[in-house]
Amino acid sequence: MSTTLPRIERRVGVHSDRRAGDRGAGRRSTDRVADRPPAPHPLRRQDDPPAPRHTVSLVVPARNEARNIPWVFEQIPSCVDEVILVDGDSRDATLRMAAHCLPNVRSVPQRGSGKGNALRTGFAAATGEYVVMLDADGSMSPGEIPHYLHFLDNGYDFVKGSRYVAGGGSLDLTAIRSLGNRALLAVVNRLYDTVLTDLCYGYCAFRRSFLDELDLRSTGFEIEAEMIAHALRSGLRIAEVPSLELPRRNGRSHLHAVSDGRRVLRTLIAERPGARPAAPLTAAQR
0 MSTTLPRIER RVGVHSDRRA GDRGAGRRST DRVADRPPAP HPLRRQDDPP
50 APRHTVSLVV PARNEARNIP WVFEQIPSCV DEVILVDGDS RDATLRMAAH
100 CLPNVRSVPQ RGSGKGNALR TGFAAATGEY VVMLDADGSM SPGEIPHYLH
150 FLDNGYDFVK GSRYVAGGGS LDLTAIRSLG NRALLAVVNR LYDTVLTDLC
200 YGYCAFRRSF LDELDLRSTG FEIEAEMIAH ALRSGLRIAE VPSLELPRRN
250 GRSHLHAVSD GRRVLRTLIA ERPGARPAAP LTAAQR
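Quick look at the structure:
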């Protein structure tokens, strides 16, 4: 079974890095010409109506993050229309703190255990046209959200943060995590014939209309790799944007580098092109 992989573009010096492009891989009719960035909005007259704005849902999975919630919530930009806090049976004041900092926050109980289940619970509850996923530990700056939305506004379907493109970086990446990320990145680039620069980083945004195409099933941290794998397999247009990973502000990480890395590897291999049929794009989405 042949699989069309999308062009991966980066915010700084946007260009086409698609290896499959020279082999004539097909594009959807809505795709722009290869090797060109998305066309800017045409110039508008002063009396023209404003361009329509898409609604945005921010999904924040949290478990015992009461000390970090205030910093995260105070950084959320005004372009976010709803904040969904997915609570993983917190034993501290996470829910009370969230309601105190943001009275209109939607708190939903997590179905099952693990980050994957938390995100899937939040995605199911989201009502916005765009969905952004963000960790509650303060390692991701909500102030970067407009950069992700910019690319969704300009024709991309899935936008992921990268710590390895110009303007990105990490203040928290250990040697073991860095080595594991690079090894898994090599695997995904080889299996999916693509040129991503970062993999194990869960700051992403996507069009909610493509949630069925993402076909998410994972329960743990490997859901981030599953999202990227399914976005690639489904032919979604993907952009990478620079992101700065910050240190966790308080508490201990729930990530287990070795065991979670193994789960990510199994996911990448199981979901590789040809392993099982990818969900096709509907006629309305082409």
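Heads up: the sequence shown begins at 0 in numbering that gives the first Met the number 0, then just goes up one per residue.
Ideal Cβ positions, reconstructed from N, Cα and C, are used throughout, including at glycine.
Rounded C-alpha distance that separates residue i from residue j
{"i": "Thr93", "j": "Asn103", "result": "15 Å"}
{"i": "Asp86", "j": "Pro69", "result": "15 Å"}
{"i": "Ala317", "j": "Asp46", "result": "This structure cannot settle anything about residue 317, because the visible part of the chain is limited to 0 through 285."}
{"i": "Asn188", "j": "Leu264", "result": "12 Å"}
{"i": "Ala165", "j": "Leu172", "result": "17 Å"}
{"i": "Glu223", "j": "Arg247", "result": "19 Å"}
{"i": "Ser89", "j": "Ile237", "result": "34 Å"}
{"i": "Ala61", "j": "Val131", "result": "15 Å"}
{"i": "Arg176", "j": "Ala182", "result": "10 Å"}
{"i": "Leu178", "j": "Leu184", "result": "10 Å"}
{"i": "Gly167", "j": "Asn180", "result": "15 Å"}
{"i": "Pro51", "j": "Ser208", "result": "17 Å"}
{"i": "Leu231", "j": "His146", "result": "21 Å"}
{"i": "Arg262", "j": "Asn63", "result": "24 Å"}
{"i": "Thr193", "j": "Ser258", "result": "25 Å"}
Residues of its chain near residue i, where Cβ-Cβ distance is below 6 Å and the 5 sequence neighbours each way are ignored
{"i": "Ser169", "result": "Arg162, Glu244"}
{"i": "Met96", "result": "Ala65, Ile68"}
{"i": "Asp30", "result": "With a pLDDT of 45 at Asp30, under the threshold of 50, the predicted position of this residue should be treated as unreliable, though the coordinate-derived value follows. Within the same chain, Asp30 has no close Cβ partners at all."}
{"i": "Tyr202", "result": "Met139, Gly160, Ser242"}
{"i": "Asp197", "result": "Ser161, Arg162, Tyr163"}
{"i": "Ala124", "result": "Ile83, Val107"}
{"i": "Ala174", "result": "none"}
{"i": "Leu213", "result": "Met226, His229"}
Residues that DSSP places opposite residue i in a beta bridge
{"i": "Asp86", "result": "Ala61, Pro108"}
{"i": "Phe205", "result": "Val130, Phe157"}
{"i": "Pro51", "result": "Per DSSP, none; premise fails for Pro51."}
{"i": "Leu243", "result": "Gly168"}
{"i": "Ser56", "result": "Glu81, Val130"}
Nearest candidate by alpha-carbon position, reference residue i, set the options
{"i": "Pro76", "options": "Ser106, Arg271, Pro141, Phe209", "result": "Pro141"}
{"i": "Ser233", "options": "Leu210, Gly111, His146, His99", "result": "Leu210"}
{"i": "Cys100", "options": "Phe72, Val79, Gln109, Asp88", "result": "Phe72"}
{"i": "Asp91", "options": "Gly250, Arg262, Gly137, Val131", "result": "Gly250"}
{"i": "Gln74", "options": "Pro51, Asn63, Ile144, Val55", "result": "Ile144"}
{"i": "Val240", "options": "Leu195, Leu231, Leu213", "result": "Leu195"}
{"i": "Gly260", "options": "Asn63, Val55, Ala124, Cys199", "result": "Cys199"}
8 Å Cβ shell around residue i - same chain, five flanking residues per side excluded
{"i": "Leu151", "result": "His53, Tyr129, Val158, Ala204, Phe205, Arg206"}
{"i": "Ala228", "result": "Val187, Tyr191, Thr266, Leu267, Glu270, Arg271"}
{"i": "Leu215", "result": "Gly115, Leu118, Arg119, Phe122, Ile222, Glu225, Met226, His229"}
{"i": "Ala98", "result": "Val104, Ser106"}
The ligand ZN heavy atom lying under 7 Å from the CB of residue i
{"i": "Ala92", "result": "The ligand ZN is absent from the structure shown, which contains no ligands of any kind."}
Contacting residues, own chain, Cβ-Cβ under 7 Å from residue i (five flanking each side not counted)
{"i": "Gly113", "result": "Thr218, Gly219"}
{"i": "Val55", "result": "Cys78, Val79, Asp80, Gly127, Tyr129, Val131, Leu148"}
Presumed contact (8 Å Cβ cut-off) between residue i and residue j, rounded CB distance
{"i": "Val107", "j": "Thr126", "result": "Wrong, their Cβ atoms sit about 12 Å apart, outside the cutoff."}
{"i": "Val79", "j": "Val59", "result": "Between Val59 and Val79 the Cβ distance is about 10 Å, and since that is not below 8 Å, they are no contact."}
{"i": "Arg110", "j": "Leu84", "result": "No, Arg110 and Leu84 are not in contact; Cβ-Cβ is about 14 Å, not under 8 Å."}
{"i": "Leu133", "j": "Leu57", "result": "6 Å"}
{"i": "Leu235", "j": "Asp156", "result": "4 Å"}
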